[in-house]
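Trainee:
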Amino acid sequence: MLILYTILCLLLGYLLGSIPFALIIGKIFYHTDIRNHGSGNLGGTNAGRVLGKKAGIAVIVCDVLKVVLAVGIASLISPAAATWTGFMCCIGHCYPIFAHFHGGKAVSTVFGFLLGTSIFVFKDTFYFLVPFLMFFIVLYLFKFVSLASICGIVCGTLFITATLWSMNVQNILVIIACWLMAILVIYRHLKNIRAIQNGEERKITWM
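At position 39 of the sequence shown (counting the first as 1) the number is 39 in full-length UniProt numbering, and the numbers step up by one without a gap.
#1: For S108, count neighbouring Cβ atoms within 10 angstroms of its own Cβ and tell me buried if that reaches 16, exposed if not.
#2: Please report the Cβ distance between G17 and H102, rounded to the nearest whole angstrom; I am assuming they are in contact, meaning their Cβ atoms lie under 8 Å.
#3: Hey, quick one: how far does the alpha helix (DSSP H) through W179 stretch, first residue to last?
#4: With a 10 Å radius around its C-beta and 16 neighbouring C-beta atoms as the bar for buried, classify A162 as buried or exposed.
#5: Note down the Cα distance separating W165 from A80, rounded to an integer number of angstroms.
#6: Buried or exposed: where does G116 fall if 16 or more other Cβ atoms within 10 Å of its Cβ makes it buried?
#7: On the three-state DSSP scale, how would you describe L4?
#8: According to DSSP, is L42 part of a helix, a strand, or is it coil?
#9: Among R35, K123, I196, G152, which one has its Cα closest to the Cα of L133?
#10: Please report the distance separating the alpha-carbon of I97 from that of Q170.
#11: Could you tell me the distance, in whole angstroms, from the CA atom of residue 208 to the CA atom of F87?
#12: Using beta-carbon positions only, say whether F29 and D63 come within less than 8 Å of one another.
#13: Quick one, which of V154, F159, L69 has its alpha-carbon nearest L184's?
#14: For the alpha helix (DSSP H) that F106 lies in, which residues bound it at each end?
#15: Taking DSSP as the reference, what is the three-state secondary structure of W84?
#16: Please list the terminal residues of the continuous alpha helix (DSSP H) segment that includes Y30.
#17: Who are the near neighbours of Y127 in its chain, counting only those whose CB is closer than 6 Å to its CB and skipping five residues on each side?
So, in structure tokens, the structure goes:
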């Protein structure tokens with residue numbers, strides 16, 4: 001039964017992650033399909049640029065909370081199930097079944113993953129605060145959301161690896177999920193990395 005419940009949680013995580021809040025909010029409140037504007041991504045950054053600050057914040061909050069919910073439900077099974085469910089939620093966000101597998105870049109969902117795991121898995125706010133602080137330091141210094149996102153998740157993954165490292169199977173499964181998360185974020189931002197190298201990446205102006 002444990003395996004069955006875990007599989008159901010992974011499926012639930014993917015389906016929750018697949019809810020395209022940027023698309024929903026854009027169409028319902030702004031009569032705009034943001035896939036046809038800006039970068040075309042269904043994420044908070046593009047929603048903010050296309051629809052405005054309020055819409056961007058709303059999308060970010062919803063994308064964070066859907067991962068926290070998924071992790072919270074799966075934490076009733078085991079820490080490993082919760083972590084992998086959070087990862088599947090981020091996969092769903094990037095490749096949503098409800099939006100023809102064209103989603104966001106997992107920035108908000110990654111922080112939802114870190115917040116959810118810090119609450120339900122690690123029960124220690126430092127697992128969220130450390131990468132969150134790194135994100136804002138890099139964002140303040142360089143003004144690139146993409147670079148700050150990559151540095152934040154890598155920092156969080158290194159922190160998790162350093163504090164959990166042992167031959168315990170549960171810990172190893174959690175660490176693997178976190179590294180896959182970091183790889184996913186880097187992969188989703190390859191175009192941004194090339195844009196930074198070419199001096200073409202857009203910088204934020206509010207910080």
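We put the beta carbon where it would ideally sit given N, CA and C, even for glycine.
Mentor: Taking the structure as given:
#1: It is buried - the Cβ of S108 has at least 16 other Cβ atoms within 10 Å.
#2: About 14 Å separates the two Cβ atoms, so there is no contact after all.
#3: Looking at the DSSP string, the run of the alpha helix (DSSP H) that includes W179 is 169-188.
#4: exposed
#5: 14 Å
#6: buried
#7: helix
#8: coil
#9: Ranking R35, K123, I196, G152 by CA distance to the CA of L133 puts G152 first.
#10: 29 Å
#11: As shown, the chain starts at 1 and ends at 207. That puts residue 208 outside it, with no answer to give.
#12: no
#13: Ranking the options by Cα distance to L184, first place goes to V154.
#14: Before going further, note that residue 106 is Ala rather than Phe in the sequence given. It is not in any alpha helix (DSSP H) - A106 carries neither H nor E in the DSSP assignment.
#15: Residue state for W84 is assigned as helix, using DSSP reduced to three classes.
#16: 21-30
#17: Once the five neighbours on either side are set aside, the close Cβ partners of Y127 are S118.
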